[in-house]
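Heads up: the sequence shown runs through residues -26 to -1, 1 to 289, numbered per mature numbering (1 follows the signal peptide of the UniProt record, and there is no 0). Only one structure is covered here, and it is reproduced in the block below.
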Amino acid sequence: MNLRLSAGAAALALAAALALTGCSSDDDTAASSTSTPAADEATPTAQDVAALAGVRVEGDPGSEPTLAFDAPLSVSVPTTRLVSDGTGDALTDGARVDLHYVFFDASGERVGSTWQEGNNTSEAVTLGDPNLGVINDVLEGTHVGARALVANPSAGEDGETTTTVMLLEVASVGEWRAQGEPVTPAAGLPTVTLDDNGKPSIAIPEGFEPSDDLVVQPLIKGSGAEVTAEQSLTVHYTGWLTDGTQFDSSWDRNVPATFSLQQVIPGWTQGLAGQTVGSQVLLVIPASLGYGDAGQGSIPGGATLIFVVDILQAF
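Set out below in structure tokens:
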């Protein structure tokens, strides 16, 4: 599947807002430390570190803070600082991390916030998703409740470079996997088994003859909103040929995939529209709704495809 990898709409929004460069860090994340990227990547200067060290975070954890600093704030490369660690569950690579954040521009003006207008809705990202860049570095090894600052320079419409600073707060951590009521599948379909992390494997029944029609079998019924064909989804998925050969899996990359239902094979669009967020769905897709007689990559022409899809978010 040609799916754009991402942690979901939230991760994309964060990355777009910051224009992160994906610097990585080798040092630890002790309280009040500033990340130091590897030698072959952009490294914050002493002036960058000092600029972010001068940002004062005012307000109690659990509610929107105020950032106070001497304007205009400026850094030359993305720069992070762990303000404080939390005391909750540990954050691990590949985990779903729910973040609150507030943005300020270089002049100290508040730009936006997940706390704004009483919405108070955190956004989910995947720790380790490359789209998050330096956010991964500063949150690695921390715990729920952690607060971190991220400053990032970007070119404005007038060509001038300006810095945005963001305070992140980790609201919760969990797993990216379907959750809901188990559904007993129809007889004769591939049997799906989940490992401890939720990754599926399948057993193909002896003599299995796939239908010429699309087969859509919910395995877990989620309690979320019903998906429409016009939406984009964040999912975990694995795909196999009918001989049991796996050809793709987001689970192996440890990062869910995000895509528009208007930009995938028809079997996905037809099979996932009408399902609910939180569900896990078995799809058996005939070639006519897959890659046809031409095939794609390791998928031969005329192949029936089997997918198990966890619907994690819809937007």
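The beta carbon of each residue, even a glycine, is placed where N, CA and C say it ideally should be. Model, not experiment: these values are computed from the prediction.
What are the start and end residues of the beta strand (DSSP E) that includes residue i?
i, result
"V23", "Taken as a continuous stretch (DSSP letters only), V23 belongs to no beta strand (DSSP E), being part of the alpha helix (DSSP H) at 20 to 27."
"L113", "It is not in any beta strand (DSSP E) - L113 instead sits in the alpha helix (DSSP H) that spans 108 to 113."
"S272", "Neither: S272 is in no beta strand (DSSP E) and is coded neither H nor E."
"D72", "70 to 78"
"L286", "279 to 288"
"L163", "Careful: L163 lies outside any beta strand (DSSP E) and carries neither H nor E."
"L142", "135 to 148"
"F233", "231 to 234"
"V99", "97 to 100"
"S87", "84 to 87"
Which of the three DSSP states, helix, strand or coil, is assigned to residue i?
i, result
"T216", "coil"
"N171", "coil"
"T243", "helix"
"P192", "strand"
"Q254", "strand"
"A199", "coil"
"S262", "helix"
"T156", "Note that residue 156 corresponds to Pro in the displayed sequence, not to Thr. Three-state DSSP puts P156 in a strand."
"S9", "Annotation note: pLDDT 36 at S9 (below 50); position unreliable, no value reported."
"L(-24)", "Confidence in L(-24) is poor, its pLDDT being 38 and thus under 50, which makes the residue's placement too unreliable to answer from."
"A(-10)", "Summary for A(-10): the model assigns pLDDT 49, below 50, so the residue's position carries little reliability, and this model does not support an answer."
Skipping 5 residues on each side, what residues in its chain have a beta carbon closer than 6 Å to that of residue i?
i, result
"V189", "V258"
"G218", "I178"
"T250", "G196, G198, E200"
"T208", "G(-19), P230, T232, L286, Q287"
"T165", "A177"
"G276", "A261, D267"
"S175", "T167"
"A(-17)", "With a pLDDT of 41 at A(-17), under the threshold of 50, the modelled position of this residue cannot be trusted; read the value that follows with caution. Taken in chain order, the residues that qualify are E97, A98, V99."
"F281", "Y211, G213, L257"
"residue 290", "Only positions -26 to 289 of the chain appear in this structure, which leaves residue 290 out of reach."
"P127", "V49, T135, T137"
"T53", "P18, D22, L26, A125"
"F182", "none"
"V283", "V209, Y211, V255"
"V76", "E38, S87, L141"
"V51", "A16, P18"
What does a CB cutoff of less than 8 Å around residue i pick up in its chain, not counting 5 residues either side in sequence?
i, result
"G62", "H117, V118, G119, V144, S146, V147"
"L163", "P179, V189, Q191, L256, V258"
"G271", "F221"
"T278", "P184, L215, T216, V258, I259, P260, A261, G264"
"Q236", "A203, E204, T243"
"L65", "V71, L101, L113, E114, G115, T116, H117, V118, A120, V144, V147"
Let's see if you can read the secondary structure: which residues bound the alpha helix (DSSP H) around residue i?
i, result
"N126", "N126 -> not in any alpha helix (DSSP H); beta strand (DSSP E) instead, spanning 121 to 129."
"D226", "224 to 227"
Beta-carbon within less than 7 Å of residue i's beta-carbon, same chain only, minus the 5 sequence neighbours each way: which residues are those?
i, result
"W150", "R70, T100, H210, P230, L286"
"H74", "T88, W89, S96, E143, A145"
"G60", "T116, H117, V118, G119, A120, V144"
"N110", "L101, G102"
"D67", "L101, G102, N228"
"W225", "K173, H210, T212"
Spell out a yes or no on whether the segment 239 to 249 and the segment 129 to 142 are touching, meaning 3 or more CB-CB pairs, one atom from each, closer than 8 Å. The answer is no - the segment 129 to 142 does not touch the segment 239 to 249, with fewer than three Cβ pairs under 8 Å.
Does the contact criterion of 3 or more C-beta pairs under 8 Å hold for the segment 69 to 84 versus the segment 43 to 53? The segment 69 to 84, when compared against the segment 43 to 53, does touch it at the 8 Å Cβ threshold.
Pick out the complete beta strand (DSSP E) segments inside the segment 25 to 59, 3 residues or longer, and give them in chain order. List check, beta strand (DSSP E) in window: 30 to 32, 40 to 42, 53 to 58.
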